[in-house]
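Read the structure below first, then the notes.
In the numbering used here, the protein residues as written are 14 to 336.
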């Protein structure tokens with residue numbers, strides 16, 4: 014804005030060499046930019062005398078010295094990496110125990126240190142289960158990744174279930190005035206649960222069906238029977254010898270279902286395997302489900318969702334046929 018003010022001053026007849034300004038120009042410029050007349054005067058005089066209107070950097074004084082030394086900053090970094098959810102006030106208490114020099118440090122200084130010196134930002138916390146990092150599961154994860162590398166990408170296929178309700182289509186964020194709640198009147202009754210069983214490959218959604226209510230072993234096995242009789246988006250059989258079918262560790266995927274499907278797939282030269290426990294990030298079908306749910310939250314789907322949730326999900330899948 015300072016540059017614009019100087020430009021307006023020159024265009025209004027102000028003399029850059031002598032600093033002279035025609036009568037009424039200061040007031041006119043101040044009214045135009047909605048600022049104080051004295052501010053316009055100061056900007057112009059500084060520009061005439063210094064040739065610049067940039068703000069001067071504050072000189073470091075005894076009061077301007079940083080209150081945290083380098084060891085303190087490194088300690089904050091270590092603690093935050095070990096415990097990301099610890100608050101700045103709790104960090105201050107920890108610093109006081111280990112560094113007497115930090116007695117005058119306030120919470121705002123710690124926040125600035127995390128932001129400027131450590132480049133930390135405040136974000137949503139993810140809490141993966143500790144069971145995921147047991148030695149046994151880590152060994153299984155490595156074996157799983159090694160085995161997947163023996164397959165071609167188009168041979169690996171993922172299956173999972175996802176639940177849908179009427180409220181699934183509700184948006185969670187909106188806009189409102191500062192300090193006011195964001196309220197949107199809408200349908201609150203959840204309605205019956207609709208389970209989507211879905212199988213994806215490298216190129217597209219290979220097969221899907223629906224179950225009213227939660228799934229069970231019988232419905233799970235029926236899905237595979239129907240999928241084995243279907244074709245993919247290119248007209249090829251959904252399953253081919255050498256394929257690897259991957260599912261998560263839901264209870265209905267194990268026990269009797271596991272024994273039956275192992276026999277069923279082995280007869281076709283297909284492997285049936287499981288993801289490492291608590292590892293949804295290794296299952297790309299989660300991205301597919303996220304895309305489907307994002308689509309049905311769009312305004313154009315609002316009426317269809319309220320009338321026919323199943324049809325709305327089908328249309329969303331068709332729009333995202335390629336995953």
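For glycine and all other residues, C-beta sits at the position ideal for the given N, C-alpha and C.
Give every residue of the same chain whose Cβ lies closer than 8 angstroms to the Cβ of residue i, excluding the five residues on either side of it in the sequence, and list them in chain order.
i: residue 275; result: 285
i: residue 45; result: 21
i: residue 167; result: 214, 215, 216
i: residue 93; result: 99, 104, 127, 131, 133
i: residue 38; result: 22, 25, 26, 27
Can you name the start and end residues of the beta strand (DSSP E) that residue i belongs to?
i: residue 103; result: Careful: residue 103 lies outside any beta strand (DSSP E), inside the alpha helix (DSSP H) at 101-111.
i: residue 277; result: Unbroken run through residue 277 is the alpha helix (DSSP H), 268-279; no beta strand (DSSP E).
i: residue 198; result: Residue 198 -> no beta strand (DSSP E), and no H or E assigned at all.
i: residue 246; result: No beta strand (DSSP E) holds residue 246; DSSP gives it neither H nor E.
i: residue 285; result: 284-287
i: residue 302; result: No beta strand (DSSP E) holds residue 302; the alpha helix (DSSP H) holding it covers 298-309.
i: residue 128; result: Where residue 128 is concerned, there is no enclosing beta strand (DSSP E), given that its DSSP letter is neither H nor E.
i: residue 213; result: 207-213
Label residue i either buried or exposed according to how many other C-beta atoms from any shown protein chain fall within 10 Å of its C-beta, with 16 as the threshold for buried.
i: residue 321; result: exposed
i: residue 127; result: buried
i: residue 72; result: With a pLDDT of 42 at residue 72, under the threshold of 50, the modelled position of that residue is not reliable, and the figure given next carries that caveat. That one is exposed.
i: residue 193; result: exposed
i: residue 246; result: exposed
i: residue 209; result: buried
i: residue 85; result: buried
i: residue 135; result: exposed
i: residue 120; result: exposed
i: residue 111; result: exposed
i: residue 329; result: buried
i: residue 70; result: Residue placement at residue 70 is poorly supported in this model, since its pLDDT is 48, which falls under 50; the coordinates still yield a value, given next. Looking at its Cβ environment, which holds fewer than 16 other Cβ atoms inside 10 Å, residue 70 is exposed.
i: residue 266; result: buried
i: residue 91; result: exposed
i: residue 264; result: exposed
i: residue 172; result: buried
i: residue 158; result: exposed
i: residue 174; result: buried
i: residue 325; result: buried
i: residue 156; result: exposed
i: residue 23; result: exposed
i: residue 29; result: exposed
i: residue 300; result: exposed
i: residue 109; result: exposed
Quick one: is the Cβ of residue i within less than 6 angstroms of any heavy atom of the ligand COA?
i: residue 139; result: For the ligand COA, the structure offers nothing, since it holds no ligand at all.
Can you list, in chain order, the residues of its chain with a C-beta nearer than 7 angstroms to that of residue i? Leave out the 5 residues immediately preceding and following it.
i: residue 169; result: 161, 257, 259
i: residue 323; result: 207, 223
For the alpha helix (DSSP H) containing residue i, name the first residue and the last one.
i: residue 236; result: 230-241
i: residue 56; result: 50-63
i: residue 153; result: 148-161
i: residue 175; result: Element bounds for residue 175: not the alpha helix (DSSP H) but the beta strand (DSSP E), 169-177.
i: residue 85; result: 83-95
i: residue 44; result: 38-46
i: residue 391; result: Past the boundaries of the shown model lies residue 391; the chain is included only from 14 to 336, so the question cannot be answered.
If contacts are defined as beta-carbon pairs under 8 angstroms, then residue i and residue j qualify, I think. What distance do you get, rounded to the angstrom?
i: residue 283; j: residue 234; result: Rounded, the Cβ-Cβ distance is 15 angstroms, inconsistent with contact.
i: residue 19; j: residue 60; result: 5 angstroms
i: residue 221; j: residue 207; result: Residue 221 to residue 207, Cβ: 12 angstroms. No contact.
i: residue 27; j: residue 57; result: 7 angstroms
i: residue 304; j: residue 333; result: 5 angstroms
i: residue 269; j: residue 319; result: About 39 angstroms; that fails the 8 angstroms criterion.
i: residue 50; j: residue 43; result: 4 angstroms
Below 6 angstroms CB to CB, which residues in the same chain sit around residue i once its five sequence neighbours on both sides are set aside?
i: residue 82; result: none
i: residue 295; result: 288
i: residue 278; result: 285
i: residue 262; result: 287, 290
i: residue 243; result: 220, 251
i: residue 298; result: 171, 173, 213
i: residue 101; result: 120, 123, 124
i: residue 78; result: Residue confidence is low: residue 78 scores 48 on pLDDT, short of 50, so the model does not pin down where it sits. Its coordinate-derived value is still stated next. Same-chain partners within the cutoff: there are none.
i: residue 189; result: 195
Would the segment 215-226 count as touching the segment 254-261 if we require 3 or more Cβ pairs under 8 angstroms?
In short, these stretches do not touch, since the Cβ pair count stays below three.
Assess, as a yes-or-no matter, whether the segment 129-144 is touched by the segment 287-297 under the definition of 3 or more beta carbon pairs within less than 8 angstroms.
yes
Should the segment 306-323 be called in touch with the segment 178-185, which here means at least 3 C-beta pairs below 8 angstroms?
yes
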